[in-house]
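**Student:** Every position in the sequence shown, counted from 1, becomes a number in this note's numbering once 7 is added.
Here's a structure for you.
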Amino acid sequence: YYIEAYNLCPGEEINLIVEWNGYEEPTNAQYQWSNGQTTQIMTTFTPGYYEVTVTDPATGCSQVLGTTVAQLPGPEVEITGPLTICTGETITLNASGGPFEGLYWAPGGETTESIEVTAPGSYDVTVFSSNNCSDHDTVIVETSGVIPQVNGPLNLCNGQNGTLILLNASEFVDIQWST
8 YYIEAYNLCP
18 GEEINLIVEW
28 NGYEEPTNAQ
38 YQWSNGQTTQ
48 IMTTFTPGYY
58 EVTVTDPATG
68 CSQVLGTTVA
78 QLPGPEVEIT
88 GPLTICTGET
98 ITLNASGGPF
108 EGLYWAPGGE
118 TTESIEVTAP
128 GSYDVTVFSS
138 NNCSDHDTVI
148 VETSGVIPQV
158 NGPLNLCNGQ
168 NGTLILLNAS
178 EFVDIQWST
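In C-alpha cells, the structure reads:
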C-alpha cells in the first residue's frame, strides 16, 4: 500500500490518501498523520513531507508511510488591453502570461488568447496548463466617461452652411469630424 496525492495545483486543498491497491485494509484501521489528522484521507494547503502511521487494532502492528508533496506549477494569467471603450469602438483584450494548454472567455465562450470587445462589461478568462491546473482573471471594461458636447444648428437646408462647436474639445486627444 502507498500514499496517493490529489489536487496538487496552486491554491487547491491537497488530499493525501492511503491507497491499499491489492491489499486488504485491516478492519477499523487507525491512521495517525504527522499533522495530527486521524483519517484515511488527510487534507492540507501546505506542500511538504508527510508521514502516516497505519495501525491494525486486531494485531497491534503498525507501519509508517511517508511522502513528499510538491505543488505543480500553475499558469498565471493577466488580462491586458484598454479598459475603456467608446460607442461604436472595438478594443482587444489579451490573455497574457502563456503559453496555455487551453482557455475560455466569458461571456462569449471564445477559446483564443485575444478577443475583440464592442461593449462595456465584465470579462473573465480561465486558462489551463498542460498539467490541468487553472487560473483566471477578470476585468471591467467601462464606457469612456467623456461625452462630446456639440453646439450649433441642428438642421440646415440644402446649400446652407453652419458652424458646429465642440464645447469640451480640451477633454479629447483626437477629434475627427464627418458629414
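Glycine is no exception: its CB is placed at the ideal position from the N, C-alpha and C atoms.
Would you mind working out which of Leu90, Glu11, Thr133, Val146 sits nearest Ser111, comparing C-alpha positions?
**Tutor:** Counting from one through the sequence shown, the residue named residue 111 turns up at place 104. In the sequence as presented, Ser is not what sits at residue 111; that position holds Tyr. When only C-alpha atoms are compared, the closest one is Thr133.
**Student:** If you measure between the beta carbons of Glu120 and Phe135, is that distance less than 9 Å?
**Tutor:** As a first step, residue 120 is located in the sequence shown; it is residue number 113 there, counting from the start. As a first step, residue 135 is located in the sequence shown; it is residue number 128 there, counting from the start. No, Cβ-Cβ distance for Glu120 and Phe135 is not below 9 Å.
**Student:** Specify the secondary structure class of Ala176 as computed by DSSP and reduced to three states.
**Tutor:** As a first step, residue 176 is located in the sequence shown; it is residue number 169 there, counting from the start. Correct three-state label for Ala176: helix.
**Student:** Anyone know if the C-beta pair for Val124 and Leu72 falls short of 9 Å?
**Tutor:** Counted from its first residue, the sequence shown places residue 124 at position 117. Counted from its first residue, the sequence shown places residue 72 at position 65. Not in contact: Val124 and Leu72 (Cβ atoms no closer than 9 Å).
**Student:** Can you tell me whether Val157 is helix, strand or coil according to DSSP?
**Tutor:** By one-based count along the sequence shown, residue 157 stands at place 150. It is a strand residue.
**Student:** Considering just the uninterrupted stretch of the beta strand (DSSP E) at Ser103, what are its terminal residues?
**Tutor:** Translated into positions along the sequence shown, residue 103 becomes position 96. 98–103 is the extent of the beta strand (DSSP E) around Ser103.
**Student:** Is it buried or exposed for Ile21, if we count other Cβ within 10 angstroms and need 16 for buried?
**Tutor:** Against the sequence shown, residue 21 aligns to sequence position 14. That one is buried.
**Student:** Rounded to whole angstroms, what's the CA-CA distance from His143 to Glu83? Just pull it up for me.
**Tutor:** By 1-based counting over the sequence shown, the position of residue 143 is 136. By 1-based counting over the sequence shown, the position of residue 83 is 76. Between His143 and Glu83, the C-alpha separation is close to 8 Å.
**Student:** Hey, how far is the Cα of Ile230 from the Cα of Thr91?
**Tutor:** With the chain represented from 8 up to 186, any question about residue 230 goes unanswered, as that position is not in the structure.
**Student:** DSSP state of Phe52, grouped into three classes?
**Tutor:** Taking the sequence shown and counting its residues from 1, the one referred to as residue 52 is at position 45. In the structure shown, Phe52 sits in coil (DSSP, three-state: anything other than H, G, I, E or B).
**Student:** Give the secondary structure of Glu117 by DSSP, where H, G and I count as helix, E and B as strand, and everything else as coil.
**Tutor:** Stepping through the sequence shown from its first residue, residue 117 is reached at position 110. Reduced to three states, the DSSP call for Glu117 is coil.
**Student:** Measuring CB to CB, does Cys16 end up less than 9 Å from Asn175?
**Tutor:** Counted from its first residue, the sequence shown places residue 16 at position 9. Counted from its first residue, the sequence shown places residue 175 at position 168. Not a contact, by the Cβ cut-off of 9 Å.
**Student:** Specify, as a first and last residue, the run of the beta strand (DSSP E) that Ser137 falls within.
**Tutor:** If you number the sequence shown from 1, residue 137 lands on position 130. Neither: Ser137 is in no beta strand (DSSP E) and is coded neither H nor E.
**Student:** Buried or exposed for Val153, please, with buried defined as at least 16 other CB atoms from any protein chain shown within 10 angstroms of its CB.
**Tutor:** On the sequence shown, position 146 is the one that residue 153 refers to. The residue is exposed, with fewer than 16 neighbouring Cβ atoms inside 10 Å.
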